[in-house]
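In the numbering used here, the protein residues as written are 957 to 1175.
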């Protein structure tokens, strides 16, 4: 199958014009702007979800973010990526509005571990690096089409309970046992976060700092 038959689709709702024109410099693939049901970039069984560092920090506490990524893995077998767009403005903005950047970054690190554990690839790029990386990745998908990969044992996806436990364990002071007890009592992360708004407990205060106060400052 030749490159001419392949099209890179970019979501029309992506407001950043630099992202819409990410691949204009190359001629191997055609580029089409259209409304995508899922993701920001789609190519040949591969999906890319773009997030700024602030977007990512807010998304990781929402179950539909993880649910959409899990669904994407079933539909896009050639790779599901979370691309964190690391331009300097967003980095400075995140540090400026976060009262405790260390707590926030610990939460983000925990989410990245959860992504890796479930076969979802995260990459931190500025737009120029992202353009080169994804173009090269897409081209290799075509070039290796005629090769038969060696059979591998597919890693078992973690359950939703395990994902939620991992997310809670990214909060300082929350270990496995504490995370499972919180989920057993409150059932969902959303309910835990809601309860943290009025709780005076140390653990709940840490949860509030990461998931409530940082989001309020970023909005």
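C-beta: ideal position from N, C-alpha, C; glycine also. Only a predicted model underlies this, so the values are computations on that prediction, with no experimental measurement involved.
Which one of the options has the shortest CA to CA distance from residue i?
i	options	result
residue 1118	1083, 1128, 1067, 987	1067
residue 1130	1151, 1146, 1100, 1163	1163
residue 993	1165, 1004, 987	1004
residue 1034	1128, 1000, 1156	1000
residue 1010	1151, 1041, 1087	1041
residue 1036	1136, 1139, 1072	1072
residue 1179	978, 962, 968, 963	A question about residue 1179 goes unanswered here, because the residues of the chain that appear run from 957 up to 1175.
residue 1085	991, 974, 966	974
residue 1080	1161, 1152, 1012	1012
residue 966	1006, 1128, 1126	1006
residue 1018	1160, 1154, 1146, 1152	1146
Exposed or buried, residue i, counting other C-beta atoms within 10 Å across all chains shown (16 or more means buried)?
i	result
residue 1027	exposed
residue 1105	Annotation note: pLDDT 48 at residue 1105 (below 50); position unreliable, coordinate value reported separately. When all chains shown are included, residue 1105 counts as exposed.
residue 1032	buried
residue 911	Look at the range of the chain in this structure, 957 to 1175, and you will see that residue 911 is not part of it.
residue 996	buried
Could you check if residue i belongs to the surroundings of the ligand PLP, using beta carbon to heavy atom distance under 8 Å?
i	result
residue 1145	Looking at this structure, you won't find the ligand PLP or any other ligand, since it has none at all.
Sorted by chain position, which residues of the same chain lie with C-beta nearer than 7 Å to residue i's C-beta, five sequence neighbours on each side aside?
i	result
residue 1136	1121
Starting from the C-beta of residue i, find all residues in its chain whose C-beta is less than 8 Å away, skip the five residues before and the five after it, and write them out in chain order.
i	result
residue 1078	1037, 1038, 1039, 1040, 1068, 1071, 1072
In chain order, what residues of the same chain have a beta carbon less than 6 Å from the beta carbon of residue i, not counting five sequence neighbours either side?
i	result
residue 964	979, 985, 987, 999
Hey, which unbroken runs of the alpha helix (DSSP H) at 4 residues or more fall wholly within the segment 1110-1161? As far as the segment 1110-1161 is concerned, its whole alpha helix (DSSP H) runs of at least 4 residues are 1116-1125, 1132-1142, 1145-1152.
Where in the segment 996-1046 do unbroken runs of the alpha helix (DSSP H), each at least 4 residues long, occur, reported from the N-terminal end onward? With a minimum length of 4 residues, the continuous alpha helix (DSSP H) runs that stay inside the segment 996-1046 are 1009-1015, 1019-1031.
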